[in-house]
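> Under the numbering used here, the first residue of the sequence shown is numbered 1336, with each subsequent residue one higher.
Heads up, the beta-carbon is just placed ideally off N, CA and C, and yes, glycines get one too.
Note that this is a predicted model, so its numbers are computed, not measured.
Let me begin by handing over the structure; questions about it come next.
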Amino acid sequence: MHPMINIALKAARDAAEAIAHSSDRLDRIKVINDDPDSFLTSMDLDSDKTLQYHLLKAYPEHSIDSRATGLRAGIRKDIVWLIDPLIGNHNFARGYTQFAVSLACKIEGVIQHAAVVCPMTNEEFVASRGGGAQLNSRRLRVGKETELSVGALIGLNDESEDIGTLLDLQRAVVDAGARVRISGCAALDIVNTAADRLQGGWAPNVAGASH
């Protein structure tokens, strides 16, 4: 496994452990920003601090771009860590267990490594460009289905303001005999599609929401 993935996993595991413990005491979690488009909790900030600590300890010259705290420009502006300290924080704040910690390393404008760790299931998804993807050290292979089929599970997320488009997509999925799954966390839909737990998905603005 690439050294950068090892560092990312170490950081994400530490943050995920704290998130898992906090999920039992949501009364202690503070909402910092309740705007639906930029929702932020105290756990986002705590997790962010943990991730940045590990990354800067290992790579003090690298830049970090966090959904929670923005860009921290380092000497190496060609290497940027994209972090989301708590993807699915709306779910977390309500006690719904579809949330995760995510890190990706972008080198010269191209994502080279990524890790997603799920605090409540202890699942660790990692990928490196040209090296495939793994779940808990087991290589992943995307399913062979390329069209909607009977029994397929399709992840949809309602991040679009166009409710008509979402309803049309749901109707198309159901008409094809497939089944809709709405997790509220597009990043988890992506990794679960990679693991062939979902056979497809749709989520608008995922790049902007979670890098």
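Return the chain-ordered list of same chain residues with a C-beta closer than 6 angstroms to the C-beta of E1443, the five sequence neighbours on each side being excluded.
Within the sequence shown, the letter at position 108 stands for residue 1443. The answer, listed in chain order, is D1413.
> Of the choices G1466, S1373 and I1364, whose alpha-carbon is the least far from that of G1430?
The sequence position of residue 1430 within the sequence shown is 95, counting from 1. Of the candidates G1466, S1373 and I1364, the one whose C-alpha sits nearest the C-alpha of G1430 is I1364.
> Output needed for R1402: all residues of its chain with C-beta closer than 6 angstroms, excluding positions within five of it in sequence on either side, in chain order.
Indexing the sequence shown from 1 puts residue 1402 at position 67. Same-chain partners within the cutoff: D1419.
> Please go through the same chain and pick out, in chain order, the residues whose beta-carbon is closer than 6 angstroms to the beta-carbon of S1545, but skip the five residues on each side of it.
Along the sequence shown, one-based indexing puts residue 1545 at 210. With a pLDDT of 48 at S1545, under the threshold of 50, the modelled position of this residue cannot be trusted, and the question is left open.
> With which residues is F1460 paired in a DSSP beta bridge?
Numbered from 1 along the sequence shown, position 125 holds the residue referred to as residue 1460. Answer is V1451 and L1470, bridged to F1460.
> Do V1452 and A1529 count as a contact pair if the criterion is CB distance below 8 angstroms?
Position 194 of the sequence shown, counted from the start, is the residue given in the question as residue 1529. Position 117 of the sequence shown, counted from the start, is the residue given in the question as residue 1452. No. Outside cutoff.
> Please name the residue in R1474, E1482, W1537 and V1526 whose C-alpha comes closest to that of Q1505.
Working through the sequence shown from its first residue, we reach residue 1505 at position 170. Checking every option, the nearest Cα to that of Q1505 belongs to W1537.
> Can you tell me whether L1406 is buried or exposed? The criterion is at least 16 other CB atoms within 10 Å of its CB, across all chains shown.
Locating residue 1406 in the sequence shown gives position 71, counting from the first residue. That one is exposed.
> Just the C-alpha distance for D1379 and Q1469, rounded to the nearest angstrom, thanks.
Residue 1379 sits at position 44 when you count from the first residue of the sequence shown. Residue 1469 sits at position 134 when you count from the first residue of the sequence shown. Spanning the two alpha carbons is a distance of roughly 26 angstroms.
> G1536 bridges to which residues according to DSSP?
For this step, residue 1536 is matched to residue 201 along the sequence shown. Note: G1536 sits in a beta bridge opposite G1490.
> Return helix, strand or coil for S1545, following the three-state DSSP convention.
The sequence position of residue 1545 within the sequence shown is 210, counting from 1. Low confidence applies here, because S1545 scores a pLDDT of 48, under 50, leaving its location unreliable and the question unanswered by this model.
> Residues bridged to S1382 by DSSP?
Locating residue 1382 in the sequence shown gives position 47, where the first residue counts as 1. Beta-bridge pairing links S1382 to no other residue.
> Could you say which of V1485, G1499 and S1382 lies nearest to R1514 if we only look at CA atoms?
For the purposes of this step, residue 1514 is taken as residue 179 along the sequence shown, with counting starting at 1. When only C-alpha atoms are compared, the closest one is V1485.
> Leaving aside the five residues before and after G1465 along the sequence, list all residues of the same chain whose C-beta is less than 7 angstroms from its C-beta, in chain order.
Translated into the one-based positions of the sequence shown, residue 1465 becomes position 130. Around G1465: no qualifying Cβ.
> Could you pull out every residue in the same chain whose Cβ sits closer than 6 angstroms to the Cβ of P1454, ignoring the five residues on either side in sequence?
Residue numbering aside, residue 1454 sits at position 119 when the sequence shown is read from its first letter. Within the same chain, P1454 has close Cβ partners A1351, I1354 and A1355.
> Which of helix, strand or coil does DSSP assign to H1337?
To locate residue 1337, count along the sequence shown from 1; it is residue 2. It is coil, neither helix nor strand.
> Suppose only complete runs of 3+ residues qualify. What are the beta strand (DSSP E) ranges in the segment 1341–1371, listed by chain order?
Fully enclosed beta strand (DSSP E) runs of 3 or longer: 1366–1368.
> Quick test of your reading: H1389 and A1346, contact by CB under 8 angstroms. State the CB separation rounded to the nearest angstrom.
The residue given as residue 1389 occupies position 54 in the sequence shown. The residue given as residue 1346 occupies position 11 in the sequence shown. Right, their Cβ atoms sit about 3 angstroms apart.
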